[in-house]
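Quick note on numbering: the sequence shown equals residues 813 to 1202 in my numbering. All remarks here apply to the structure that follows.
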Amino acid sequence: MKPRIVMLFSMSFQPYQGRYLRVYNQAKTLVEAGYDVILLAWDRDCASPEKEVRDGIEIRRFHIPAGVGQGPKNVLNVLKFNRAAFRYLMTQPFDIVHCYNLDAVVTSLAAARLRKKKAVLDLCEPEYYAFWDKKFSWFLKGINQLEIGLARRFDHLFVHNLYQVRKFRARGISHLTQVGSYPNRALMPSEITKESDGECVIGRIGTIYENNGIEELIAAFERLLERKQQRGGGGLSYRLFLAGRIYDSFRPTFDALVGPLKEYVDVHGAFQAADLPRLYGKIDISVMISRRTRWFQNITPTKLFDSLLNGVPVVANDIGDIAEILGGGPCGVIVDESDTDSICSGIERLALDPSLRLEMAKNALRSARDKYTWEAYKEEFLLKYRTLSM
């Protein structure tokens, strides 16, 4: 009889990028290895089918209306999701419950222990509730203690980056494996084909909203144009390419920021995962600046791995384990996110040296192939599951 895995994911499951692709890759790998996989998802928009099978993954979505990023306003809906998940776990057979993040951590562990089954915790975000308002800092401290305490009681722990590895090991928790939210090699080009043509395109691919680094990038690009003018205006020309959904609340501010630069800026809206190779093919340098807020200071953005996979060198600031990743190639430049001149100089270093840019692009491809794709890690992931299933 096949081992049966129930996965709890507190968002609607759509296998495309970020956390969703991580869940999909893990579930599909387990199916291919002979496990039965049931994914319990929370469809907050109530827009996807309640039941479907996708690539052998049995998906059951709970239609519970709720907003995203609403902090304490969602607490009641979180409880509704947990109640529905707990009922399922207590009435349906399973061998291992695999919980993503903290929304259902108590429910999954309680059900596993009551039924004498094994439980896995998958913390694919380093600071899950850090976007909550500062006035709830007392709650966040409690959550952090709860996370550490419950992590000890799970049979295994999967984490996203080195920051998490260090955090848990410092608390004496060693039964963990780092598995990043890596893209798949299927989207990887075989070689770098874009050549310097007198224009350098600086790009950022990902959702655009307030305080996620877009302001710093636009300011640095404006400084880049100013420096070019100070040198007489000749030589290499620059363009800025931005792709991603723009939050409605940020649209007026965004338009005001790019308005004075509109002749140098191309804006592409929302995109699908299949569009990523084409979009990255348009840019020479990927800039990923994140403000050092509670939410961003310890993350390792999934778009970093998308950039490497597509052979695009990166300019980024040192958060999460970005410095270790970019320095390993090397395949990028680390800058100070609080200093516009530092960001601008990092971009210029790559823009004005095509040979260095090409070398880093090739290093990025090599790093992605060998270290930062799902295929490079799935055997280690499966090994942990085979051990749990014994």
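All C-beta atoms, glycine included, are put in the ideal place defined by N, C-alpha and C. Fair warning: this is a prediction, and the values are worked out from it, not measured in the lab.
What's the C-alpha gap between residue i and residue j?
i              : j              : result
alanine 1085   : glutamine 976  : 27 Å
leucine 851    : cysteine 936   : 16 Å
valine 909     : arginine 856   : 22 Å
tyrosine 832   : tyrosine 1050  : 34 Å
tyrosine 836   : glycine 1010   : 41 Å
valine 1079    : threonine 989  : 38 Å
glycine 868    : cysteine 1012  : 44 Å
valine 918     : leucine 1200   : 20 Å
arginine 1057  : leucine 914    : 26 Å
isoleucine 817 : glutamate 1038 : 57 Å
leucine 974    : glycine 1044   : 45 Å
arginine 927   : isoleucine 871 : 22 Å
valine 1145    : aspartate 1130 : 10 Å
Assuming residue i contacts residue j (C-beta within less than 8 Å), just tell me the rounded distance between them.
i                  : j                  : result
phenylalanine 1117 : tyrosine 994       : 5 Å
methionine 819     : valine 849         : 7 Å
serine 822         : phenylalanine 893  : 6 Å
isoleucine 1095    : phenylalanine 1053 : 5 Å
In terms of DSSP beta bridges, what is residue i paired with?
i               : result
methionine 1000 : According to DSSP, which records beta bridges pairwise, methionine 1000 is partnered with nothing at all.
glutamate 1171  : Answer by DSSP bridge pairing: none, since glutamate 1171 is not bridged.
leucine 969     : Leu933 and Leu988
glutamate 864   : Ile871
With 16 other CB atoms within 10 Å as the buried threshold, where does residue i fall?
i               : result
glycine 753     : The structure shown does not extend to residue 753, since the chain is modelled only from 813 through 1202, so no value can be given for it.
methionine 902  : exposed
cysteine 858    : exposed
methionine 1172 : buried
leucine 1048    : exposed
aspartate 1133  : buried
alanine 1068    : exposed
alanine 1055    : buried
asparagine 1023 : exposed
arginine 997    : exposed
proline 861     : exposed
valine 1124     : buried
lysine 1190     : buried
leucine 1036    : buried
lysine 814      : exposed
alanine 1082    : exposed
alanine 923     : buried
glycine 846     : exposed
Please determine whether the Cβ atom of residue i lies at a distance below 8 Å from any heavy atom of the ligand HEM.
i           : result
proline 938 : The ligand HEM is not part of this structure, which contains no ligands at all.
With contact counted as at least three CB pairs below 8 Å, one residue from each stretch, are the stretch 885-893 and the stretch 833-850 in contact?
At 8 Å Cβ cutoff, the stretches do not touch.
When the Cβ atoms of the stretch 953-972 are set against those of the stretch 917-931, are three or more pairs found closer than 8 Å?
yes
Pair every Cβ in the stretch 1011-1026 with every Cβ in the stretch 1096-1103, then say whether three or more of these pairs are closer than 8 Å.
yes
Does the structure place the stretch 1020-1033 close enough to the stretch 1153-1163 that three or more beta carbon pairs sit under 8 Å?
Three or more beta-carbon pairs separated by less than 8 Å link the stretch 1153-1163 to the stretch 1020-1033, which places the two stretches in contact.
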